[in-house]
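Which chain is which? The protein sequence lines are Y and F, in order. Heads up, the first sequence is in the numbering used here, so the first residue is 1 and it goes up one at a time. Heads up, the second sequence is in the numbering used here, so the first residue is 1 and it goes up one at a time. Note that beta-carbon positions come from the ideal geometry of N, C-alpha and C, so glycine has one too. Keep in mind that this is a model prediction, so the values were computed, not measured. Below you'll find the structure, written out as structure tokens, and then a few comments.
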Amino acid sequence: KGDSSMLKRAMAVAQHHDAVSGTEKQHVANDYAKRLAGGWDSCQILITNAMASLMGRKEHFVFCNLLNISVCQLTATSSEFRVILYNSLGRNVQTYVRVPVSGLVFNVTDPSGQNIPNEVVPISNFTRALSYDETLANNELLFQASVPPLGFCVYSVTKTSVDPLQRTKAEQELHRAK
Amino acid sequence: AVPLQIENKHLHVLFDPVTGLISKIENLDSGITLPITQNLYWYKASSGNADNPQASGAYIFRPNHSEPIPIAKAVQTHLVQNTLVQEVYQNVSSWCSQVVRLYAGQKFLELEWTVGPVPLDDDYGKEIISRFETPLATEGIFYTDSNGREILERRKDSRETWKLSQTEPVAGNYYPVNSRIYIKDEKIQLTVLTDRSQGGSSLLSGSLELMVHRRLLFDDHRGVGEPLLEDGAYGKGLIVRGSHRLFVDSVEASADLHRLQAQVEFMAVQTVFAPGVESPNHQK
Numbered sequence: 001k002g003d004s005s006m007l008k009r010a011m012a013v014a015q016h017h018d019a020v021s022g023t024e025k026q027h028v029a030n031d032y033a034k035r036l037a038g039g040w041d042s043c044q045i046l047i048t049n050a051m052a053s054l055m056g057r058k059e060h061f062v063f064c065n066l067l068n069i070s071v072c073q074l075t076a077t078s079s080e081f082r083v084i085l086y087n088s089l090g091r092n093v094q095t096y097v098r099v100p101v102s103g104l105v106f107n108v109t110d111p112s113g114q115n116i117p118n119e120v121v122p123i124s125n126f127t128r129a130l131s132y133d134e135t136l137a138n139n140e141l142l143f144q145a146s147v148p149p150l151g152f153c154v155y156s157v158t159k160t161s162v163d164p165l166q167r168t169k170a171e172q173e174l175h176r177a178k
Numbered sequence: 001a002v003p004l005q006i007e008n009k010h011l012h013v014l015f016d017p018v019t020g021l022i023s024k025i026e027n028l029d030s031g032i033t034l035p036i037t038q039n040l041y042w043y044k045a046s047s048g049n050a051d052n053p054q055a056s057g058a059y060i061f062r063p064n065h066s067e068p069i070p071i072a073k074a075v076q077t078h079l080v081q082n083t084l085v086q087e088v089y090q091n092v093s094s095w096c097s098q099v100v101r102l103y104a105g106q107k108f109l110e111l112e113w114t115v116g117p118v119p120l121d122d123d124y125g126k127e128i129i130s131r132f133e134t135p136l137a138t139e140g141i142f143y144t145d146s147n148g149r150e151i152l153e154r155r156k157d158s159r160e161t162w163k164l165s166q167t168e169p170v171a172g173n174y175y176p177v178n179s180r181i182y183i184k185d186e187k188i189q190l191t192v193l194t195d196r197s198q199g200g201s202s203l204l205s206g207s208l209e210l211m212v213h214r215r216l217l218f219d220d221h222r223g224v225g226e227p228l229l230e231d232g233a234y235g236k237g238l239i240v241r242g243s244h245r246l247f248v249d250s251v252e253a254s255a256d257l258h259r260l261q262a263q264v265e266f267m268a269v270q271t272v273f274a275p276g277v278e279s280p281n282h283q284k
């Protein structure tokens with residue numbers, strides 16, 4: 001059962017005690033972090049339920065909390081996956097999506113099934129150093145998404161097999177970038 | 001010797017060939033060009049002095065000197081240039097790096113900084129800032145927001161309702177920044193959107209700074225009983241990664257840009273993944 005009240009409570013406690021400013025002892029800071037993480041876990045179930053309801057079927061949704069350091073096991077290890085974007089603003093939003101991947105060439109299709117431009121860029125050494133042993137990906141896939149107001153859209157990503165010439169070209173591009 | 005540059009249809013950003021730092025931002029829509037330097041610095045935290053035993057700590061920001069120290073005067077750079085994104089990677093030090101990023105079609109420049117673990121082997125607590133310096137004649141006036149709603153004018157070494165005797169030239173001019181800070185002259189405005197609440201100030205005419213990280217060795221005796229000295233998961237100190245978004249435009253056009261973009265940052269698009277693909281795809 002999804003429940004947003006755990007996160008609501010954790011946020012309220014954190015705000016009341018100025019938790020982000022560091023004006024608490026370390027073991028209390030650790031407790032605040034634990035409460036927030038527990039609250040977010042519970043919210044993920046709520047979001048999963050909501051998305052399943054909107055999409056009309058149950059799905060195995062995956063949340064990648066470490067995307068800012070390019071860690072996401074699903075996208076890094078799968079040859080096909082979906083990126084589901086939810087926009088809580090009352091207007092259309094254009095956003096760039098970056099997902100860690102292992103591969104050089106991908107097909108990305110938008111909600112209407114059209115292929116859209118995408119690029120593969122290497123994960124920087126800065127980021128690699130942060131993610132320690134958790135990074136399974138070599139590169140990041142980048143594409144622009146358009147998300148409708150107060151709604152969601154699904155982009156599908158497929159790793160494509162490449163001919164040797166294409167692979168060599170892509171590898172050279174990445175090598176140059178690195 | 002050839003300066004690095006990145007450009008989309010709205011912005012052109014130039015980097016100094018010697019230092020590797022940003023040297024100029026040109027708004028191609030309005031024709032405004034702003035010479036600008038941005039670098040990361042650190043303030044040496046006070047442990048108390050003869051004037052006042054107050055140490056810098058969780059509650060109190062108190063550098064022991066007014067001039068911040070650059071983490072590096074020149075940075076190692078490399079450029080990644082693609083159609084959708086152009087990035088300049090700046091390697092500032094072993095514990096500090098930054099990516100200057102320009103996506104196709106976007107009207108702002110993104111600076112993604114990664115700072116930490118802050119070293120303490122010299123026995124100095126450190127408060128790390130990102131400082132922007134421009135020739136804008138701002139005369140100590142800058143603007144900070146209150147949760148994105150009211151934007152307040154801040155005046156260096158001054159308070160609106162009483163005569164201030166400034167005893168802390170740096171900390172006494174720092175103000176909370178919830179989502180944005182800006183400086184402007186009669187024509188040009190430089191706005192920085194933050195991705196989290198930070199402290200910020202403008203200590204020199206035309207400059208603007210934001211504190212991005214701090215790691216301290218002393219308790220400030222205001223009730224915590226501990227220095228702000230988090231070890232993090234790997235026992236070496238916390239590493240923080242965040243971003244600043246820069247707008248350079250006319251004073252008249254700036255509010256329209258930063259207000260809309262701040263909504264996008266605050267109510268950010270949520271990303272969820274699922275295995276497999278589907279056809280037809282969904283949008284609802």
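Would residue i and residue j qualify as a contact pair, given that the criterion is a beta-carbon distance under 9 Å?
| i | j | result |
| --- | --- | --- |
| residue 212 of chain F | residue 40 of chain F | yes |
| residue 85 of chain Y | residue 270 of chain F | yes |
| residue 241 of chain F | residue 130 of chain Y | yes |
| residue 141 of chain Y | residue 100 of chain Y | yes |
| residue 9 of chain F | residue 74 of chain F | no |
| residue 47 of chain F | residue 141 of chain F | no |
| residue 36 of chain F | residue 133 of chain F | yes |
| residue 55 of chain F | residue 247 of chain F | no |
| residue 103 of chain Y | residue 79 of chain Y | yes |
| residue 182 of chain F | residue 143 of chain F | yes |
| residue 172 of chain Y | residue 84 of chain F | no |
| residue 122 of chain Y | residue 224 of chain F | no |
| residue 2 of chain F | residue 156 of chain Y | no |
| residue 39 of chain Y | residue 1 of chain Y | no |
| residue 222 of chain F | residue 23 of chain Y | yes |
Skipping 5 residues on each side, what residues in its chain have a beta carbon closer than 6 Å to that of residue i?
| i | result |
| --- | --- |
| residue 237 of chain F | 116, 117, 118, 215 |
| residue 99 of chain F | 87, 89, 112 |
| residue 58 of chain Y | 52 |
| residue 206 of chain F | 134, 135, 136, 138 |
| residue 198 of chain F | 177, 210, 211 |
| residue 285 of chain F | Examination of residue 285 of chain F is not possible in this model, given that chain F is present from 1 through 284 alone. |
Between the Cα of residue i and the Cα atoms of the options, which residue gives the shortest distance?
| i | options | result |
| --- | --- | --- |
| residue 65 of chain Y | Y:29, Y:44, Y:57 | Y:44 |
| residue 179 of chain F | F:150, F:239, F:6 | F:150 |
| residue 82 of chain Y | Y:69, Y:62, Y:94, Y:28 | Y:62 |
| residue 126 of chain F | F:71, F:278, F:192 | F:71 |
| residue 253 of chain F | F:19, F:27, F:6 | F:27 |
| residue 160 of chain Y | Y:105, Y:38, Y:92 | Y:105 |
| residue 118 of chain Y | Y:2, Y:97, Y:112, Y:127 | Y:97 |
| residue 185 of chain F | F:61, F:249, F:284 | F:249 |
| residue 43 of chain F | F:65, F:144, F:120 | F:65 |
| residue 77 of chain Y | F:273, F:172, F:190 | F:273 |
| residue 90 of chain Y | F:80, F:5, F:263, F:276 | F:263 |
| residue 11 of chain F | F:18, F:33, F:45, F:124 | F:33 |
| residue 152 of chain Y | Y:158, Y:50, Y:72, Y:139 | Y:50 |
| residue 108 of chain F | F:200, F:193, F:58 | F:193 |
| residue 47 of chain Y | Y:126, Y:3, Y:136 | Y:3 |
| residue 122 of chain F | F:188, F:61, F:45 | F:45 |
What would DSSP say about residue i, mapped onto helix, strand or coil?
| i | result |
| --- | --- |
| residue 271 of chain F | strand |
| residue 41 of chain Y | helix |
| residue 109 of chain Y | strand |
| residue 2 of chain F | coil |
| residue 266 of chain F | helix |
| residue 254 of chain F | helix |
| residue 168 of chain Y | helix |
| residue 17 of chain Y | coil |
| residue 54 of chain F | coil |
| residue 172 of chain F | helix |
| residue 184 of chain F | strand |
| residue 261 of chain F | helix |
| residue 165 of chain F | coil |
| residue 44 of chain F | strand |
| residue 207 of chain F | strand |
| residue 201 of chain F | strand |
| residue 238 of chain F | coil |
Apart from the five residues on each side of it in sequence, which residues of its chain come closer than 8 Å, Cβ to Cβ, to residue i?
| i | result |
| --- | --- |
| residue 115 of chain Y | 107, 108, 109 |
| residue 74 of chain Y | 62, 64, 81 |
| residue 30 of chain Y | none |
| residue 258 of chain F | 180, 182, 191, 193, 247 |
Once you ignore the five residues that flank residue i on each side, which residues in its own chain have a CB closer than 7 Å to its CB?
| i | result |
| --- | --- |
| residue 33 of chain Y | none |
| residue 164 of chain F | 157, 158 |
| residue 20 of chain F | 74, 75, 76, 77, 90 |
*Which ranges would you report for the beta strand (DSSP E) in the segment 67-152 of chain F if only whole runs of at least 3 residues count?*
As far as the segment 67-152 of chain F is concerned, its whole beta strand (DSSP E) runs of at least 3 residues are 76-81, 85-93, 96-103, 109-115, 126-133, 141-145.
*Along the chain, which unbroken stretches of the beta strand (DSSP E) at least 3 residues long are found entirely within the segment 16-41 of chain F?*
Within the segment 16-41 of chain F, the complete beta strand (DSSP E) runs of at least 3 residues fall at 22-27, 32-35.
_Segments assigned alpha helix (DSSP H), at least 4 residues, entirely inside the segment 85-165 of chain Y_ = Complete alpha helix (DSSP H) runs here, min 4: 125-130.
*Runs of beta strand (DSSP E) lying entirely within the segment 25-86 of chain Y, each at least 3 residues, in chain order*: Taking only runs of at least 3 residues, no beta strand (DSSP E) segment lies wholly in the segment 25-86 of chain Y.
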